[in-house]
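Student:
Protein chains: 2
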Amino acid sequence: MANSQFAMAVHVLAMLANNCDERIKSGYLAESVNTNAVVIRRLLCDLHDAELVVSRTGYSGGTCLTRQPSAITLDEVFDAVSKADVFGLHPNQPKSDCEIGAGITSVLERLQEETNLSVRNSLGSYSLQDVIDEVVRIDLPKKQEELVT
Amino acid sequence: MANSQFAMAVHVLAMLANNCDERIKSGYLAESVNTNAVVIRRLLCDLHDAELVVSRTGYSGGTCLTRQPSAITLDEVFDAVSKADVFGLHPNQPKSDCEIGAGITSVLERLQEETNLSVRNSLGSYSLQDVIDEVVRIDLPKKQEELVT
DNA sequence: ATTTTTGTAACTAGACTTGTTACAGTTATG
DNA sequence: CATAACTGTAACAAGTCTAGTTACAAAAAT
């Protein structure tokens, strides 16, 4: 399956951001994301390790953000959940008795790092607040449509 | 396994670029990449579809570039072999009766496209010739070392 | 005719992702 | 204190993807 953890993480964080004053339960998040609550809790675990959320166990437990939505950028979210690079290197080490094989790995490693950085840089230009603003902007015409009918 | 087709493709293309005047055989490329010849031929198939190489079957068959190494940029190589986006969207459609769930997919789709573009843009600043120049620059001190010993 | 090579299909093994069940530990409530 | 409602986490299944491998038809030079 294609890795969708970033998409789910942004979704979940946006929901937490929309209810900053209360603790949100994993079951409630799971309903909106349309998945199992354990999938959400695993995700929240990564977000907790990145110090983007705090959770509480027990009766009135749940999760909330550690910062204002405007102070969380999407590259932080990406870093929190992404385990792989944009592209992988050779599965087996290239033969060093070949002119290209001898030097290609160094070149690819630097290229890999630069490409990873460009992704972070691109995502870093948006905050969680920007996401919410956009979602609200998209929802607006839908609500107006409902009023008309 | 992490997808390493881009790395192998750059490696293979660099070898073709280093021998522009002859047809290179998949077995020879496979040795340097340290993999099976069929893996290389599958890769060359994608590169052929992207019109970066031409191959010939039969006795003195093999593959060569369709263009000068300076006229092939790495974003073309990436497009030729990459099948997936930088990040995936939700495996199941989010619930539209939730304020966030209703609009999040549109936002993520645009973000996905923008992130993909930033990768292409970053890779597009390098040509195959740049890769070869860098490989040669890395190999040079190694060769000098050999002369000393 | 023979040899060499590409193109391609079929299969295997391993890794990763999501979804699911199960359960220990934690916390508020009555 | 007993109960109910959570989180955190382990364990497993099903599906997908990747690389590697064998096998063979088709093509092309000798």
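Order-wise, the sequence lines are chains A and B. For reference, each letter of the first sequence is one residue, going 3 to 151 in this note's numbering. For reference, each letter of the second sequence is one residue, going 3 to 151 in this note's numbering. All C-beta atoms, glycine included, are put in the ideal place defined by N, C-alpha and C.
Given 8 Å as the limit, is there contact between the segment 32-51 of chain B and the segment 85-100 of chain A, that is, 3 or more CB pairs closer than that?
Tutor: The segment 32-51 of chain B is in contact with the segment 85-100 of chain A.
Student: Looking at C-beta atoms only, is the number of pairs between the segment 14-29 of chain A and the segment 130-140 of chain A that lie closer than 8 Å three or more?
Tutor: Contact holds: three or more Cβ-Cβ distances are below 8 Å.
Student: Which residues, taken in chain order from the segment 6-20 of chain A, show a beta carbon closer than 7 Å to some beta carbon of chain B?
Tutor: The residues in question are S6, F8, A9, M10, V12, H13, A16, M17 and N20.
Student: Starting from the beta carbon of A/E116, find every residue of chain B whose beta carbon is closer than 7 Å, and list them in chain order.
Tutor: S124, listed in chain order.
Student: Shorter than 8 Å from the beta carbon of A/H50 to some beta carbon of chain B?
Tutor: Chain B, which has no Cβ nearer than 8 Å to the Cβ of A/H50, makes this no.
Student: Assuming A/A32 and B/F89 form a contact by the criterion Cβ under 8 Å, report the distance between their Cβ atoms to the nearest whole angstrom.
Tutor: 20 Å between Cβ atoms; not a contact.
Student: Give the residues of chain A in contact with B/I161, contact being defined as C-beta atoms less than 7 Å apart.
Tutor: Since the first residue of chain B shown is 3 and the last is 151, residue 161 of chain B is not available in this structure.
Student: By the DSSP assignment, the alpha helix (DSSP H) with A/V138 in it spans what residues?
Tutor: L130 to V150 is the span of the alpha helix (DSSP H), which, as asked, contains A/V138.
Student: Taking a contact to mean a Cβ-Cβ separation below 8 Å, would you say A/V55 touches A/T68 in this structure?
Tutor: Contact: yes.
Student: In three-state terms, what does DSSP make of A/R58?
Tutor: DSSP places A/R58 in strand when its eight states are reduced to three.
Student: Drop a sphere of 10 angstroms on the beta-carbon of B/N123, count the other beta-carbons inside from all chains shown, and report buried for 16 or more, exposed for fewer.
Tutor: It is exposed - the Cβ of B/N123 has fewer than 16 other Cβ atoms within 10 Å.
Student: Spell out whether any CB of chain B is found under 8 Å from the CB atom of A/T37.
Tutor: Closer than 8 Å to some Cβ of chain B, the Cβ of A/T37 qualifies, so yes.
Student: Using the Cα positions of A/E111 and A/V150, report the straight-line distance between them to the nearest angstrom.
Tutor: Cα to Cα, the separation comes out at about 57 Å.
Student: Find the nearest neighbour of B/K97 within the set A/A86, A/V14, A/G105 and A/Q114, judged by alpha-carbon distance.
Tutor: B/K97 has its Cα closest to that of A/V14, out of A/A86, A/V14, A/G105 and A/Q114.
Student: Verify the CB distance criterion: does B/V109 have a CB-CB separation below 8 Å to chain A?
Tutor: Interface residue, yes.
Student: Could you tell me which residues DSSP puts in a beta bridge with B/L67?
Tutor: Answer is B/V55, bridged to B/L67.
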